[in-house]
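Number of protein chains: 2
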Amino acid sequence: MDKSSTETSTREHILEAARKVFIRDGFHGARMQDIANAAGLNKALLHYYYKNKETLFELVFNDAFSEFIPKIHSIFMGPGSVLEKTEAYLEAHLGLLIKKPDLPMFVMTEIHRDPERFFANFLGRMPGEPPFERFLQQIADEMRDGKIRTMNPRDLWINVMGMTIFPFISRPMLQKLTLMNDREFKDLMLQRKNSILEFIRLAILLPEKN
Amino acid sequence: MDKSSTETSTREHILEAARKVFIRDGFHGARMQDIANAAGLNKALLHYYYKNKETLFELVFNDAFSEFIPKIHSIFMGPGSVLEKTEAYLEAHLGLLIKKPDLPMFVMTEIHRDPERFFANFLGRMPGEPPFERFLQQIADEMRDGKIRTMNPRDLWINVMGMTIFPFISRPMLQKLTLMNDREFKDLMLQRKNSILEFIRLAILLPEKN
DNA sequence: ACTTTTGTTAACCAAACGGTTAAACCAATT
DNA sequence: AATTGGTTTAACCGTTTGGTTAACAAAAGT
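Protein sequences appear in the order of chains S and G.
So for the first sequence, our numbering puts the first residue at 1; every next one is plus one.
So for the second sequence, our numbering puts the first residue at 1; every next one is plus one.
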């Protein structure tokens, strides 16, 4: 194994270990020693490859959005009706969350700790207009045109996100309350894609005028 | 001011300061010195009145449920249809959350950190059967009787909680995304009680058979 | 072969942290 | 006014934490 490959390998091992520990314990709960242990490496190596705890954290935090942001952007900036986009969002986001169920808690915790970082890293860098504004406008348009029931577009959007994301944030509570194991939780989430979509459809579609 | 009243006063000042700091920063982020500063008292007094950081935290954590639990219990164990109980829940919980918007993030963070504490403090002590099981059964019954649309009762319940609680957990993100200030957020939440109820009603009530 | 560069480690360091102590303070009792 | 006992404080202590250092190991270059 030559040098550059050991380098990248060790680098990545550290980043992976950091990801695991930061996502599990949060920035304040995470310990550099724990990350070193998780990687099976000496603690000094963390500082050899990365400046300090904050930079390591920042990489993990930004990575948490890397899969999500482009997907979301293409869905909402692309073509399709509100209901079609909602379905695509559910498919994409729920699929991602089932793969990485503890991402939302991590993200919310860290945005809560420092909202400015979130703003600086994602909203400042976003191409053009505020990301969801266009979609909210589309919702308003479809309401005006009688395609969907009239309500506050923001409310609709919060409902969709809440139903999608909340179970993952409250997972420990939910599993304790209903004595659900990880397998049962995953199954419940898998069937929710259709369940949520049907729920929304009924709540926003107007009865057909025959 | 006599002695016993200074005692309780100082005790409570400390607890209030601890509440503020723990809810803002979480257990791991909170510093005993910050609590002392917030109370305008010497740090040693925290240990004079309370054993250590953990006991102080535990009081704050348990208090976070003290208003919520009895309300919820009386609503769901009392009489009324699923829709009526849902309305009462929305009224009670949303009202509480508007008063204390940062409670959910605190509670979720700390349950995530130590799910066993939540289990030990609230589920172990609960009177009789698992708290939400009875309500889930009632939902199933009403579905069987054709009063509401058939779906997974757990899904319905997660949807209700998600729509209610999620905006408070994601508040910093939401406010950054939509450039909402605290006043606008509160107004949005105030109108959501009716909005969510209507949303649910449409999603679960069967069309009247005339 | 040997020199240089890169990777890895154990030992160490200063700051921050939760918690303790011993002395000072102060209101009530005598 | 002297004593008492709960209250408050500044100074201190041991441990943990993020981060550094100096020596060592292992490749890479010559």
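We put the CB at the ideal spot given by N, CA and C, even for glycine.
No experiment lies behind these values; they were computed from the predicted model shown.
Residue range D182 to I204 is occupied by the alpha helix (DSSP H) that includes E184/G. For R113/S and D25/G, the gap between their C-alpha atoms comes out near 7 Å. Taking C-alpha positions only, E58/S is separated from G95/S by approximately 24 Å. Cβ neighbours of F27/G within its own chain (closer than 7 Å, five residues either side excluded): F57, E110 and R113. At least one CB atom of chain G sits nearer than 8 Å to the CB of L188/S. The C-beta of G29/S comes closer than 8 Å to at least one C-beta of chain G. Counting every other CB atom within 10 Å of its CB across the protein chains shown gives K85/S a total of 16 or more, marking it as buried. Against chain S, the beta carbon of T109/G has neighbours under 9 Å at G26, M105, M108, T109 and H112, listed in chain order. Chain S places no beta carbon closer than 8 Å to that of I148/G, leaving this residue out of the contacts.
Assignment of beta-bridge partners to I148/G by DSSP yields L205/G.
R19/S counts as buried, since at least 16 other C-beta atoms from the protein chains shown sit within 10 angstroms of its C-beta.
With fewer than 16 other beta carbons inside 10 angstroms of its own, A44/S counts as exposed.
For I158/S, the nearest CB of chain G lies under 8 Å from its own CB, placing it at the interface with that chain.
Nearest CB-CB separation between S170/G and chain S: below the 8 Å threshold.
Residue burial annotation: H73/S is exposed, with fewer than 16 other C-beta atoms found within 10 angstroms of its C-beta. For the 8 Å CB-CB criterion, L202/S and L202/G form a contact.
In the displayed model, P104/G falls within a helix according to three-state DSSP. Between I169/S and V82/S, the beta carbon gap of about 25 Å keeps them out of contact (Cβ cut-off 8 Å). Straight across, the Cα-Cα distance linking D34/G with E91/S is about 44 Å.
By the Cβ test, the stretch 141-159 of chain G is not in contact with the stretch 137-157 of chain S, since fewer than three Cβ pairs between them sit closer than 8 Å. Interface annotation, Q191/S: in contact with chain G, CB-CB separation under 8 Å.
Residue burial is scored here from C-beta neighbours: E12/S has fewer than 16 other C-beta atoms within 10 angstroms and is therefore classed as exposed. For A30/S, the three-state secondary structure derived from DSSP is coil.
Going by beta carbons, F119/G and K176/S fall inside the 8 Å limit. Judged by DSSP secondary structure, G40/S falls outside any alpha helix (DSSP H); it is assigned neither H nor E. Here N121/S is exposed: its Cβ has fewer than 16 other Cβ atoms, across all protein chains shown, within 10 Å.
For P79/G, the three-state secondary structure derived from DSSP is coil. For the pair M163/G and N194/S, the CB atoms are not nearer than the 8 Å cut-off. For N62/G, the enclosing alpha helix (DSSP H) has its first and last residue at K53 to S66. Closer than 8 Å to the CB of F76/S there is not a single CB belonging to chain G.
At least one CB atom of chain S sits nearer than 8 Å to the CB of L123/G. Excluding residues up to 5 positions away in sequence, M32 lie with their Cβ nearer than 7 Å to the Cβ of K53/S in the same chain.
In this structure, the beta-carbon distance from F166/S to F166/G falls below 8 Å.
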